[in-house]
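Asks:
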Amino acid sequence: MEHYKNPRNYGRLEKADITFTGENPLCGDKLVYTLKIDNNILRDIMFEGKGCAISQAASSMLTEKIKNLSVEEIKALERPDILDMLKISVGPVRTKCAILGLVTVKCALDSSEEEGSIEVKE
Numbered sequence: 000m001e002h003y004k005n006p007r008n009y010g011r012l013e014k015a016d017i018t019f020t021g022e023n024p025l026c027g028d029k030l031v032y033t034l035k036i037d038n039n040i041l042r043d044i045m046f047e048g049k050g051c052a053i054s055q056a057a058s059s060m061l062t063e064k065i066k067n068l069s070v071e072e073i074k075a076l077e078r079p080d081i082l083d084m085l086k087i088s089v090g091p092v093r094t095k096c097a098i099l100g101l102v103t104v105k106c107a108l109d110s111s112e113e114e115g116s117i118e119v120k121e
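The sequence shown stops at residue 121 when you use numbering that gives the first Met the number 0, and every number in between is there.
Shown next, in the form of structure tokens:
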């Protein structure tokens with residue numbers, strides 16, 4: 000997985016509008032996403048943290064996919080969109096790893112706070 004070995008948008012944005020942490024306690028994934036939003040458009044996003052190959056690769060792919068999309072377009076994304084993007088078969092336990100980024104970003108966009116966190120339990 001190229002996105003695992005060389006993740007895109009890895010790091011932390013300075014002067015981010017929103018910082019949100021997502022955790023998957025079953026796998027040990029803990030990823031922090033920093034977002035910059037302007038006129039309801041996600042202008043920039045970065046992530047950092049530790050996690051399995053699936054959560055890291057999915058986060059890298061997600062950040063590339065959603066950068067410059069509207070908040071509404073991002074909120075419309077669903078689990079199958081992420082799983083299709085990975086182009087590999089992911090079992091039920093690893094699905095939580097794959098969708099951690101999307102769940103975290105959607106919670107960040109729904110939050111009225113500048114910082115927050117979510118634990119993926121679904």
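Yeah, the Cβ is synthetic: ideal placement off N, Cα and C, and Gly gets one too.
Using the C-alpha atoms, what's the distance from V92 back to N5?
Replies: Computed Cα separation, rounded: 24 Å.
Asks: Tell whether a beta-carbon distance below 8 Å holds between D28 and C96.
Replies: Yes, these two residues count as a Cβ contact at 8 Å.
Asks: For the putative contact between K64 and L108, defined by C-beta atoms under 8 Å, what is the C-beta separation to the nearest angstrom?
Replies: The Cβ separation is near 15 Å, so there is no contact.
Asks: Alpha carbon to alpha carbon, what distance is there between K86 and E112?
Replies: If I take the Cα positions, the gap works out to 34 Å.
Asks: Could you have a look at V70 and say whether DSSP puts it in helix, strand or coil?
Replies: Helix, per DSSP.
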